[in-house]
Every structure is written in C-alpha cells, then in structure tokens.
Amino acid sequence: MSEPTTFELAGHAGKLHAQRWPAPDQPRYVALLCHGYGEHIGRYDFVADRLRADGAVVYGVDHVGHGRSEGERALIDDFDKVVDDFRLLHKHAAAENPDLPVVLIGHSMGGMIAARYGSLHGAELACLVLSAPVLGRWDVIDGLLDGTIEPTPLDPSTLSRDPAVGAAYEADPLVWHGPFKQPTLQAFHTELERINKGPDLDDVTALWLHGKADQLVPYAATLEGWRVIADEGDHAQTYAGARHEIFNEINKLDVLRDVTRFVNQFV
Numbered sequence: 001m002s003e004p005t006t007f008e009l010a011g012h013a014g015k016l017h018a019q020r021w022p023a024p025d026q027p028r029y030v031a032l033l034c035h036g037y038g039e040h041i042g043r044y045d046f047v048a049d050r051l052r053a054d055g056a057v058v059y060g061v062d063h064v065g066h067g068r069s070e071g072e073r074a075l076i077d078d079f080d081k082v083v084d085d086f087r088l089l090h091k092h093a094a095a096e097n098p099d100l101p102v103v104l105i106g107h108s109m110g111g112m113i114a115a116r117y118g119s120l121h122g123a124e125l126a127c128l129v130l131s132a133p134v135l136g137r138w139d140v141i142d143g144l145l146d147g148t149i150e151p152t153p154l155d156p157s158t159l160s161r162d163p164a165v166g167a168a169y170e171a172d173p174l175v176w177h178g179p180f181k182q183p184t185l186q187a188f189h190t191e192l193e194r195i196n197k198g199p200d201l202d203d204v205t206a207l208w209l210h211g212k213a214d215q216l217v218p219y220a221a222t223l224e225g226w227r228v229i230a231d232e233g234d235h236a237q238t239y240a241g242a243r244h245e246i247f248n249e250i251n252k253l254d255v256l257r258d259v260t261r262f263v264n265q266f267v
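If you count the sequence shown from 1, position 172 lands on 172 in full-length UniProt numbering, and the numbers rise without skipping.
Encoded structure:
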C-alpha cells in the first residue's frame, strides 16, 4: 500500500489537509474521494489502493472541522461552502493531471456533497459514484432537530459486519466521537432541500451503491432522494446484509470491483 503525499488547500474556514496517492504506473484517470461525517480521508487508504491498482491517481481532502483540517470539530454551517472547498481539490488535481478524466467518489455525508457537486459541476466529471449517500431525507437529522432522538455519538457497530472496523473507528483520534452539533444538523437539512430542488444529475452518469442493512443511512430514505436526482442511464446496486461503510464491509472487494467496472466505462 502506497504512502500518500500531503499538501494544504486554503479552504473557506482555514487550511485543509489534502492527500495524493500516486498511481503505480502512468495514470489513466484521476479519482477524487469525498469522505463522510466525523471521519477523515486517512480512512480511505484501502479504497485508494484499489483505485491505484486500476490506474488512478487518487486525491482526497479532510473537510472543514474534520481530521487534520482547521475549523471547530465536526461543525459545518453550510455544505455549499464544503462543495466550494472540494472544488479546490478538483482544480488542484486537474492542474496536476490536465489530460486525464476525473471521477468523483463520495461516501455518506461525502455522498451528499458529491451529489451536490455533480449537480453543479457534473460536466467536468467523467462519472460519479455515491456510496451510501445521505439523500432525500435523513430521519436521524429531523429527529435530532426536533428533540425526539437523543444526541449520542455514532454507534460503531452500524459501520460494518467486520468488528475490526468499529474497533479501529473507536480508537482513531482523528475521528469525531462526540454528538452532532446543532448548526451541522441544520446545514444537513438545508443541503438536502437544495439537492431535492435540483438541478438533477443531467451532466454526469452516476452509480449509487448501498447496503440493504444500513441502519445509519437507511436505504429506503435514500431511494426517495435518488429517484429525485437520478437521470436516465444512471445505475444503482445494493448489497444484502451490508451495513453503512460498504468500502469497509466483509464484501468490500466485490463493492470496489463494481466501482472500477463502472468507472472503466467512462475513462
């Protein structure tokens, strides 16, 4: 597994920690990784390694308030600002690889960000992959906003059937282990409303992947949002028994094989 190089970007609320995983040979495409809530891009080494083996040079960034980036921990007051931050990564990667197609892969909250990015800048992407994205509605957010759900930290057992994944998550000092913050909850709600109003994913072909046993971001609610934004020609794939982090699930090799098969239709 290759060690990534690191660099910084000037985000909307301070310095952003970014990483680049080089391709083992001449790269065929650029893959941008967009991580989920409370975590950081360092948790995607395995995903990056599989993409590198497929011929990608891979880039990722810790969102504001996450990982090694600046900002109050796990505080996001407007996700469109995070979309703008992610655009800095895209421009940086494109400048370093001007002749290569660019693929965007987002997970969970990062899937929501990626969906918004695809609706605004899809013409600049070869394709889009959404892993267990927050789309449509997220009842957890609404319950926390109206006080019907107790604001507790994420349950690591919801991530994967592999207990080592939850244990590593709990022990990771760069992961946010506290409860949601009120401005972040409201920002989720606002961003979902924006995505539901459009524009749709008219300019980029997308693949939605989801575990059917996902308790954190349930499949049914995301399906509602997917039907709103998906265009003719977009694709969906589900995995029976899989929980939220399908890139860390016991069938992760199958999932990532599905990702690279899809991507290779467009690069």
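We put the CB at the ideal spot given by N, CA and C, even for glycine.
| Query | Result |
| --- | --- |
| Answer yes if the stretch 13-20 comes into contact with the stretch 58-78, meaning at least three C-beta pairs across the two stretches below 8 Å, and no otherwise. | yes |
| Using 8 Å for Cβ pairs, my map puts Val17 next to Glu39. What's the rounded Cβ distance? | Here the sequence assigns His to residue 17, which means Val is not the residue at that position. Contact flag wrong, Cβ pair sits at about 13 Å. |
| Check Gln19 in the structure and name its three-state DSSP category. | strand |
| According to the Cβ coordinates, are Asp54 and Asn251 closer than 9 Å? | no |
| Using beta-carbon positions only, say whether Leu32 and Val47 come within less than 9 Å of one another. | no |
| Let's see if you can read the secondary structure: which residues bound the alpha helix (DSSP H) around Leu185? | Gln182 to Lys197 |
| State the beta-bridge partners of Glu8 as determined by DSSP. | His17 |
| Using DSSP bridges, identify the partner residues of Val129. | Ile105 and Leu207 |
| Cβ of His35 within 9 Å of Cβ of Thr158? | no |
| Looking at the unbroken beta strand (DSSP E) that takes in Val30, where does it start and where does it end? | Tyr29 to Cys34 |
| Nearest to residue 322 by alpha carbon, out of Glu224, Asp49, Gly198 and Glu150? | Residue 322 is absent from the model: the chain starts at 1 and stops at 267. |
| Helix or strand or just coil, what does DSSP make of Arg177? | Inspection of the sequence shows that residue 177 is occupied by His rather than by Arg. Three-state DSSP puts His177 in coil, outside helix and strand. |
| Is it right to say Arg261 is buried, meaning 16 or more other beta carbons lie within 10 angstroms of its own, or is it exposed? | exposed |
| Rounded to whole angstroms, what is the Cα-Cα separation between Ala95 and Phe180? | 36 Å |
| Residues bridged to Gln265 by DSSP? | Beta-bridge pairing links Gln265 to no other residue. |
| Going along the chain, which unbroken runs of the beta strand (DSSP E) with 3 or more residues stay wholly within the stretch 32-62? | 56-61 |
| Please list, in chain order, all residues of the same chain as Leu88 whose beta carbon is under 6 Å from its beta carbon, the five residues on each side excluded. | Leu9 |
| Can you find the residues in the same chain that come closer than 7 Å, C-beta to C-beta, to Arg52, ignoring five residues on each side of it along the sequence? | Ser2, Trp21, Ala23, Pro24 and Val58 |
| Quick one: Cα of residue 333 to Cα of Leu144, how far? | Since the first and last residues shown for the chain are 1 and 267, residue 333 lies out of range. |
| Here's the rule: buried if 16 or more other CB atoms are within 10 angstroms of the residue's CB, otherwise exposed. What is Gly147? | exposed |
| Taking 9 Å as the threshold (C-beta atoms), are Phe86 and Ile105 in contact? | no |
| Going by C-alpha distance, which of Leu120, Val102 and Gly111 is nearest Ala126? | Val102 |
| For the alpha helix (DSSP H) containing Thr238, list its first residue and its last residue. | Looking at the DSSP string, Thr238 is not in any alpha helix (DSSP H); the run it does join, the beta strand (DSSP E), is His235 to Tyr239. |
| What are the boundary residues of the alpha helix (DSSP H) that Glu249 is part of? | Where Glu249 is concerned, there is no enclosing alpha helix (DSSP H), given that its DSSP letter is neither H nor E. |
| Using the rule of at least 16 other Cβ atoms within 10 Å of the residue's Cβ for burial, across every protein chain shown, is Gly118 buried or exposed? | buried |
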